[in-house]
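Below is one structure, written out as structure tokens; the observations come after it.
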Amino acid sequence: MPAIEKKRRVESDEVVVRDRLVGAPSKIFTPFRTIGHVANSTPISVSSFGRNFLVACSVGRALQIYDVSTLHLMFVTSPQTPSTIQSLHFHRPYVYATWDNCIGVYFRGKLLYTLECDTKDKLVCVRSFGENLVAINSSQIFVFKRGQKKEEESENEDEEDEDRDELDPPFEYYTTVTLANSVGAAHSIIHPPTYLNKIVVATRRSLLLVNIRTGKVVFSTNEIGTDDEITAIVDAPVVNYIGVGTASGQVHVYNLKLGERLMTFHTGSRVNCLSFRSDAFAHLGVGTASGDAFFFDLNSQKRLHVLRETHEESEGGITSLVFLPGMPAFLTCGGDNSLREWVFDPVMSESNKTVIAPPRALRHRAGHSAPPTSIKFVDEEAHFLVSASGDASMWRFSLRKDAQNQEFSQVNKLTEEQKNNPFASKNRAAGPSKKLKIKLPPVTSLAQTSLRQQEWDSILTTHKGENWAQTWDGHRGRIGAHRLPTSDGGIAQIVTVTLCGNFGLVGSATGSVDIFNLQSGILRRKLQGGPKKKAITGIVVDSLNREVITTSLDRKVRFNDFHTGKLLETVTLAAPITKLVLHDSSDLIACALDDFSVVVLDTITKRVVRVLEGRHGNQITDICFSPDAKWVISASLDSTICTWDLLTGACIDVIRLDTVATSVEMSKNGDWLATSHVTGNGVCLWSNRGQFVDISSAPAPEESESTEVAQMDAVGSLAQASVVDGAFEVTETEDQSLAASIAQIEESLLTLSLAPPSKMNTLVNLDTIKMRNKPTEAPKAPEQAPFFLQLTGADKKPEEAAAASGPDGLVPSNFDAIGESAFSRLLREAAQSGDYAEFIEHLAGMSPAQTDLEIRSLNSWAPYTELIAFVDAMAAVLEKRTNYELGQAWMNMFLRSHGDVVMSALNPKVVDEDDEEEVQQQPCEPLKESLTKWKELNQQESERVEDIVKYCQGVINYLRVGY
Numbered sequence: 000m001p002a003i004e005k006k007r008r009v010e011s012d013e014v015v016v017r018d019r020l021v022g023a024p025s026k027i028f029t030p031f032r033t034i035g036h037v038a039n040s041t042p043i044s045v046s047s048f049g050r051n052f053l054v055a056c057s058v059g060r061a062l063q064i065y066d067v068s069t070l071h072l073m074f075v076t077s078p079q080t081p082s083t084i085q086s087l088h089f090h091r092p093y094v095y096a097t098w099d100n101c102i103g104v105y106f107r108g109k110l111l112y113t114l115e116c117d118t119k120d121k122l123v124c125v126r127s128f129g130e131n132l133v134a135i136n137s138s139q140i141f142v143f144k145r146g147q148k149k150e151e152e153s154e155n156e157d158e159e160d161e162d163r164d165e166l167d168p169p170f171e172y173y174t175t176v177t178l179a180n181s182v183g184a185a186h187s188i189i190h191p192p193t194y195l196n197k198i199v200v201a202t203r204r205s206l207l208l209v210n211i212r213t214g215k216v217v218f219s220t221n222e223i224g225t226d227d228e229i230t231a232i233v234d235a236p237v238v239n240y241i242g243v244g245t246a247s248g249q250v251h252v253y254n255l256k257l258g259e260r261l262m263t264f265h266t267g268s269r270v271n272c273l274s275f276r277s278d279a280f281a282h283l284g285v286g287t288a289s290g291d292a293f294f295f296d297l298n299s300q301k302r303l304h305v306l307r308e309t310h311e312e313s314e315g316g317i318t319s320l321v322f323l324p325g326m327p328a329f330l331t332c333g334g335d336n337s338l339r340e341w342v343f344d345p346v347m348s349e350s351n352k353t354v355i356a357p358p359r360a361l362r363h364r365a366g367h368s369a370p371p372t373s374i375k376f377v378d379e380e381a382h383f384l385v386s387a388s389g390d391a392s393m394w395r396f397s398l399r400k401d402a403q404n405q406e407f408s409q410v411n412k413l414t415e416e417q418k419n420n421p422f423a424s425k426n427r428a429a430g431p432s433k434k435l436k437i438k439l440p441p442v443t444s445l446a447q448t449s450l451r452q453q454e455w456d457s458i459l460t461t462h463k464g465e466n467w468a469q470t471w472d473g474h475r476g477r478i479g480a481h482r483l484p485t486s487d488g489g490i491a492q493i494v495t496v497t498l499c500g501n502f503g504l505v506g507s508a509t510g511s512v513d514i515f516n517l518q519s520g521i522l523r524r525k526l527q528g529g530p531k532k533k534a535i536t537g538i539v540v541d542s543l544n545r546e547v548i549t550t551s552l553d554r555k556v557r558f559n560d561f562h563t564g565k566l567l568e569t570v571t572l573a574a575p576i577t578k579l580v581l582h583d584s585s586d587l588i589a590c591a592l593d594d595f596s597v598v599v600l601d602t603i604t605k606r607v608v609r610v611l612e613g614r615h616g617n618q619i620t621d622i623c624f625s626p627d628a629k630w631v632i633s634a635s636l637d638s639t640i641c642t643w644d645l646l647t648g649a650c651i652d653v654i655r656l657d658t659v660a661t662s663v664e665m666s667k668n669g670d671w672l673a674t675s676h677v678t679g680n681g682v683c684l685w686s687n688r689g690q691f692v693d694i695s696s697a698p699a700p701e702e703s704e705s706t707e708v709a710q711m712d713a714v715g716s717l718a719q720a721s722v723v724d725g726a727f728e729v730t731e732t733e734d735q736s737l738a739a740s741i742a743q744i745e746e747s748l749l750t751l752s753l754a755p756p757s758k759m760n761t762l763v764n765l766d767t768i769k770m771r772n773k774p775t776e777a778p779k780a781p782e783q784a785p786f787f788l789q790l791t792g793a794d795k796k797p798e799e800a801a802a803a804s805g806p807d808g809l810v811p812s813n814f815d816a817i818g819e820s821a822f823s824r825l826l827r828e829a830a831q832s833g834d835y836a837e838f839i840e841h842l843a844g845m846s847p848a849q850t851d852l853e854i855r856s857l858n859s860w861a862p863y864t865e866l867i868a869f870v871d872a873m874a875a876v877l878e879k880r881t882n883y884e885l886g887q888a889w890m891n892m893f894l895r896s897h898g899d900v901v902m903s904a905l906n907p908k909v910v911d912e913d914d915e916e917e918v919q920q921q922p923c924e925p926l927k928e929s930l931t932k933w934k935e936l937n938q939q940e941s942e943r944v945e946d947i948v949k950y951c952q953g954v955i956n957y958l959r960v961g962y
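So for the sequence shown, numbering that gives the first Met the number 0 puts the first residue at 0; every next one is plus one.
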């Protein structure tokens with residue numbers, strides 16, 4: 000009797016709810032999603048949702064839920080689990096997944112809550128039925144019961160689904176059943192129909208029927224597992240019957256009530272999964288580790304059909320085979336990252352015999368079964384991405400819709416030989432053959448262009464151990480018509496395609512570089528002056544097909560004439576060169592060296608312009624330019640991706656990964672950064688925050704200061720997120736790394752203001768703007784109020800108005816006391832102290848309309864105190880060399896508003912009332928001195944800046960002509 004450990008029901012605080020921790024490993028790139036992930040070797044689960052069926056698949060640390068009718072992706076669970084998901088179960092609207100000792104409950108892709116089991120072993124299987132949730136590890140069964148809803152919850156059962164994750168956990172811990180060591184390690188559980196509170200537990204050596212309410216083992220048998228290992232079990236549509244698969248390839252139909260085997264079938268390979276067909280036909284489907292699917296008729300006890308190589312044997316074969324309830328269709332899944340849907344066509348009758356056609360493929364979703372090694376964006380809009388992998392496949396992935404993903408087909412060379420020679424297959428051995436599905440060797444280098452892809456082959460690849468390059472039709476998604484051999488017979492090492500799409504270049508491991516015509520596949524010319532017995536590591540051609548630039552392990556960068564093949568110039572670098580990329584519009588090339596540095600050269604001057612070093616601690620695996628040539632992005636074997644700013648030569652961002660990035664590529668529109676890694680079968684996409692916010696050019700902190708690691712598995716869960724989600728999230732680290740913006744770098748430099756250029760344009764053209772905004776019709780007089788409405792106040796009497804006015808009746812007598820604005824006060828205080836800094840700062844912060852009003856409101860009466868103070872403030876702007884453009888605009892507004900007053904003050908003329916003759920008065924000397932000072936300073940500063948600009952222009956012209 001196994002030991003039973005019962006515990007009381009725990010409260011809700013025993014349920015561990017894990018909060019999502021969102022990291023910010025980069026200030027430039029934000030993880031968005033992973034494309035190319037479909038499913039892994041974890042068994043799938045199908046559930047009905049109304050009239051539709053949904054299937055849940057594991058992709059490591061997240062679940063993907065597909066609509067079975069179309070295999071369109073519906074949901075991706077978030078957040079990521081701390082470790083890999085071991086098992087899952089889809090029951091009605093909820094998906095249950097296990098990792099480590101935890102059970103996660105998901106609803107429409109959202110994690111509602113987490114249940115934690117009291118064990119250190121990993122949970123290997125989970126099932127939900129009725130009010131029960133059962134999970135097992137190798138030696139224990141954990142039972143949870145659905146909790147009681149609160150009163151307020153029962154009254155709000157029809158609330159929106161988005162609010163369901165706020166409810167209390169519906170499951171509570173109930174009991175734990177410990178299994179005896181003699182029965183072996185448990186690995187699977189099922190709940191047979193009509194068996195109340197009972198489950199069947201499959202161990203390596205026996206089957207156990209356990210009552211989860213009492214914790215007792217009702218029945219056990221080791222009849223099947225005595226000489227064989229039980230690998231899979233499944234419940235049948237008929238009561239009391241289950242299906243059992245073994246490691247030797249046997250499949251048993253077992254009667255639980257009688258405890259005996261009803262029938263046995265043989266597959267010849269390890270059984271991974273079983274499924275009974277539940278429509279009008281009694282069929283049993285079996286998935287094996289060899290990748291073959293077997294189908295047996297239970298009535299005749301004979302084999303119906305075999306689907307050979309449904310999934311890759313090297314990846315574990317078929318790990319899941321599930322018939323859809325009541326449907327003649329089934330799903331298969333395997334570790335080769337593919338999910339396939341098959342269907343049985345309607346039966347055919349011949350005389351008195353029913354003929355069942357073999358199942359045919361209905362639809363599928365798939366991706367690479369091995370980590371990608373080369374990735375390239377295809378178009379300008381970043382719609383498609385071409386990826387090559389170590390599994391000898393090449394895919395075109397869509398960034399917008401997974402249904403548009405397409406694998407490049409590969410022509411079967413053996414089939415062509417058989418067509419030409421009908422007797423070639425006579426000596427072939429009998430039995431299943433896998434020779435008809437041989438693919439090309441894995442891709443080692445990939446190049447493409449989209450300009451001519453609708454006319455001829457546009458993709459060129461090299462393959463492991465081959466001395467030729469293969470062309471591909473990028474428009475139709477199939478292998479091309481030409482193989483381009485190397486001229487010296489060496490292994491093809493690197494390829495490139497010209498921007499025009501007419502030529503492909505192939506470099507070999509022994510130093511040759513050949514130019515081929517992609518349309519005809521004819522060799523056009525060979526480059527001269529190549530390295531002797533040294534591998535070519537990079538080939539690029541400029542945008543006008545003038546020069547071919549090649550790099551090799553002999554540390555040299557060679558420039559050859561494209562039309563003649565002659566060697567033009569050679570540049571020797573400090574270390575062997577492993578990678579080479581070109582930016583078309585700027586004529587810059589970047590070379591990755593063996594000393595872990597990146598060297599940037601100008602192809603026009605043939606000179607090194609930047610050396611980027613000091614961040615990578617191991618060999619660089621790939622490099623790329625940003626579309627505007629502002630950044631260089633490099634990946635290294637030290638699991639880092641560095642972003643270098645070419646203007647400053649500094650490393651402004653470092654992404655520390657939990658795995659090595661093998662390839663990096665930035666989209667041509669600058670929205671995406673795509674990376675491939677040594678682990679994982681997908682291509683990771685990072686959104687560029689630089690498209691939404693300004694990125695600081697401050698150097699990234701050293702490794703000791705930044706230890707946050709980007710979890711690449713977590714990228715897959717963000718498929719439902721928006722591109723801008725996280726783009727505006729600013730971390731504390733980023734805030735601290737931003738350099739403080741100062742108003743003036745050096746006092747000797749002429750400095751503009753920090754205001755936008757539109758402000759100066761508005762100040763200068765404010766009169767024109769006012770004229771345009773002037774209403775076309777004169778304002779209408781307000782309607783006269785009815786006689787019975789009283790006014791809140793009364794007009795002042797004439798004598799009161801005269802008392803409130805000044806001597807001349809125009810200016811209020813107390814205007815200076817009650818009407819002085821902050822502008823006037825700061826100007827007056829600055830004139831008294833001689834320090835205009837505070838006044839200039841206040842003036843620079845005012846809007847154009849306020850500035851115009853204050854300047855027009857300057858007191859223009861003698862002795863012109865405010866006018867003189869304002870001119871002195873403008874002279875102070877020129878002396879400090881700050882806010883230069885605003886100072887010019889302010890002075891322009893001042894002269895337009897008070898130019899007539901200034902002229903009359905400098906040349907005053909008054910009329911004698913007695914003689915009616917003009918009498919010449921003395922000009923205002925303080926105002927004249929202030930204007931003279933401002934004029935001299937303005938002229939002096941203009942001439943100084945003009946001299947500096949002319950000097951710089953002369954030096955640049957000399958360098959350009961001299962070199």
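Note that the Cβ used here is the ideal one computed from N, Cα and C, for glycine as well.
If we count the other Cβ atoms within 10 Å of its Cβ and call it buried at 16 or more, is residue i buried or exposed?
| i | result |
| --- | --- |
| ASP670 | buried |
| GLU130 | exposed |
| GLY464 | exposed |
| TYR835 | buried |
If you drop the 5 nearest sequence neighbours on each side, which residues of the same chain put their C-beta closer than 7 Å to that of residue i?
| i | result |
| --- | --- |
| LYS932 | ALA874 |
| ASN210 | ASN196, LYS197, VAL217 |
| GLN952 | none |
| SER57 | ALA38, ASN39, THR41, ILE84, LEU87 |
| SER752 | ALA843, ASN882, GLU884, LEU885 |
| LYS927 | LEU905 |
Rounded to whole angstroms, how far is the Cβ of residue i from the Cβ of residue j, which I believe are closer than 8 Å?
| i | j | result |
| --- | --- | --- |
| LEU445 | ALA387 | 5 Å |
| ASN501 | ARG451 | 7 Å |
| THR318 | GLY334 | 6 Å |
| GLU76 | TYR105 | One detail in the question is off: residue 76 reads as Thr in this sequence, not Glu. The pair is a contact, with the Cβ atoms about 5 Å apart (cut-off 8 Å). |
| GLN492 | GLY479 | Incorrect: roughly 19 Å between the Cβ atoms, too far for contact. |
| ALA673 | ILE374 | 5 Å |
| THR661 | THR678 | No, THR661 and THR678 are not in contact; Cβ-Cβ is about 10 Å, not under 8 Å. |
Just to confirm my understanding: we take residue i, look at its own chain, exclude 5 residues before and 5 after, and list those with CB closer than 6 Å. What are they?
| i | result |
| --- | --- |
| PRO236 | PHE275, SER277 |
| CYS641 | ARG614, SER633, CYS650, VAL653 |
| THR448 | SER457, VAL496, GLY500 |
Below 8 Å CB to CB, which residues in the same chain sit around residue i once its five sequence neighbours on both sides are set aside?
| i | result |
| --- | --- |
| LYS525 | SER486, SER511, VAL512, ASP513, ILE514, GLY564 |
Contact between the segment 816-833 and the segment 886-893 is defined here as three or more beta-carbon pairs at a separation below 8 Å; is this criterion met?
no
When you compare the segment 168-187 with the segment 130-148, are there three or more beta-carbon pairs, one atom per stretch, that lie closer than 8 Å?
Segments in contact, yes.
Every unbroken beta strand (DSSP E) within the segment 884-956, with a cutoff of 3 residues, ordered by chain
If we require 3 residues or more, the beta strand (DSSP E) runs fully inside the segment 884-956 come out as 908-910, 917-919.
Identify every run of the alpha helix (DSSP H) within the segment 291-349, keeping only runs that are complete inside it and at least 4 residues long; order them along the chain.
Here no run is fully enclosed.
Say whether the segment 102-114 touches the segment 176-183, bearing in mind that this needs 3 or more beta-carbon pairs closer than 8 Å, one atom from each stretch.
no
Answer yes if the segment 594-609 comes into contact with the segment 568-576, meaning at least three C-beta pairs across the two stretches below 8 Å, and no otherwise.
yes
With a cut-off of 8 Å, do at least 3 Cβ pairs link the segment 261-270 to the segment 291-302?
With contact defined as three or more Cβ pairs closer than 8 Å, the segment 261-270 and the segment 291-302 are in contact.
Inspect the CB distances between the segment 580-591 and the segment 605-624 and report whether three or more fall short of 8 Å.
yes
Residue ranges of each beta strand (DSSP E) run of no fewer than 3 residues wholly in the segment 551-623, ordered along the chain?
555-560, 566-571, 576-582, 587-592, 597-601, 606-611
So, do the segment 392-403 and the segment 335-342 have three or more beta carbon pairs nearer to each other than 8 Å?
no
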